[in-house]
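Participant: Here it is, the structure in full.
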Amino acid sequence: MAVFWWLTAIVLMAVGLIGSVVPVIPGTTIILAAAIIHRLALGPDQSLGWTALICLLLLTFVTYAIDAAAGYVGAWKFGATKWGLVGGAVGALVGLLFGLVGAIAGEIIAGKRLMKAGRAGWGTFVGSLAAMVAKLFIGLIMVVIFLMNVPSPL
Numbered sequence: 000m001a002v003f004w005w006l007t008a009i010v011l012m013a014v015g016l017i018g019s020v021v022p023v024i025p026g027t028t029i030i031l032a033a034a035i036i037h038r039l040a041l042g043p044d045q046s047l048g049w050t051a052l053i054c055l056l057l058l059t060f061v062t063y064a065i066d067a068a069a070g071y072v073g074a075w076k077f078g079a080t081k082w083g084l085v086g087g088a089v090g091a092l093v094g095l096l097f098g099l100v101g102a103i104a105g106e107i108i109a110g111k112r113l114m115k116a117g118r119a120g121w122g123t124f125v126g127s128l129a130a131m132v133a134k135l136f137i138g139l140i141m142v143v144i145f146l147m148n149v150p151s152p153l
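Here my numbering is used: the first residue of the sequence shown is 0, the next is one more, and so on.
Laid out in structure tokens, this is it:
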């Protein structure tokens, strides 16, 4: 039975890694859920300890903070106004390209020219792309923490 739960956790973690780069799928949350399911199914002797679970939880919170800040910081670095920052942040919550569209729309609403609006949109896109890479890296770290702390079922 331990092999089943171990394989289930690995499959869910693979889905979580895919979700780290696909907008709308909460990748690191799925990885955390896989670790919790493994712990609940097999108990503390054959699964993760509390320290590793808390570490995974903290890394999940870090990815949410990165996600929330990425579009905003990207747009700000490329000179967006308040409206562009708001549009980029709202759009980034929906998905990668929506952050770009949201920042451009916000800048146009603020009365900026299309070139300035495009820079803000580009900044949001770059920020969101950087966040995606960071989330994938953190997701990989989470999987490594799981694999290093869980004894092999074989």
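Glycine residues also receive a C-beta, built at the ideal position from the N, C-alpha and C atoms.
None of these values were measured; they are calculated from a predicted model.
Does DSSP put aspartate 44 in a helix, in a strand, or in coil?
Facilitator: Working through the sequence shown from its first residue, we reach residue 44 at position 45. Correct three-state label for aspartate 44: coil.
Participant: Go ahead and label valine 132 buried or exposed: buried means 16 or more other beta carbons lie within 10 angstroms of its beta carbon, across all protein chains shown.
Facilitator: Taking the sequence shown and counting its residues from 1, one reaches residue 132 at position 133. Valine 132 comes out exposed.
Participant: Hey, out of Ala32, Gly18 and Ile144, whose CA is closest to glycine 26's CA?
Facilitator: Taking the first residue of the sequence shown as position 1, residue 26 is located at position 27. Closest by alpha carbon: Gly18.
Participant: Given that a residue counts as buried once 16 or more other Cβ atoms are within 10 Å of its Cβ, and exposed if not, what is methionine 114?
Facilitator: Translated into the one-based positions of the sequence shown, residue 114 becomes position 115. Label assigned to methionine 114: exposed.
Participant: What are the start and end residues of the alpha helix (DSSP H) that includes threonine 7?
Facilitator: Here residue 7 refers to the residue found at position 8 when the sequence shown is read from its first residue. It spans 1 to 20 - the alpha helix (DSSP H) in which threonine 7 sits, taken as one unbroken run.
Participant: Any chance the stretch 40 to 55 sits against the stretch 69 to 85, with 3 or more Cβ pairs inside 8 angstroms?
Facilitator: No: fewer than three Cβ pairs fall under 8 angstroms.
Participant: Assuming alanine 119 contacts isoleucine 65 (C-beta within less than 8 angstroms), just tell me the rounded distance between them.
Facilitator: The sequence position of residue 119 within the sequence shown is 120, counting from 1. The sequence position of residue 65 within the sequence shown is 66, counting from 1. Not confirmed; about 20 angstroms, so no contact.
Participant: Let me know the secondary structure DSSP gives valine 23 once reduced to three states.
Facilitator: The residue given as residue 23 occupies position 24 in the sequence shown. Here valine 23 sits in coil by DSSP.
Participant: Is the Cβ-Cβ distance between alanine 1 and leucine 41 less than 8 angstroms?
Facilitator: Here the question's residue 1 lines up with position 2 in the sequence shown. Here the question's residue 41 lines up with position 42 in the sequence shown. Going by C-beta atoms, alanine 1 is nearer than 8 angstroms to leucine 41.
Participant: Using the Cα positions of alanine 67 and proline 43, report the straight-line distance between them to the nearest angstrom.
Facilitator: Against the sequence shown, residue 67 aligns to sequence position 68. Against the sequence shown, residue 43 aligns to sequence position 44. Their Cα atoms are separated by approximately 33 angstroms.
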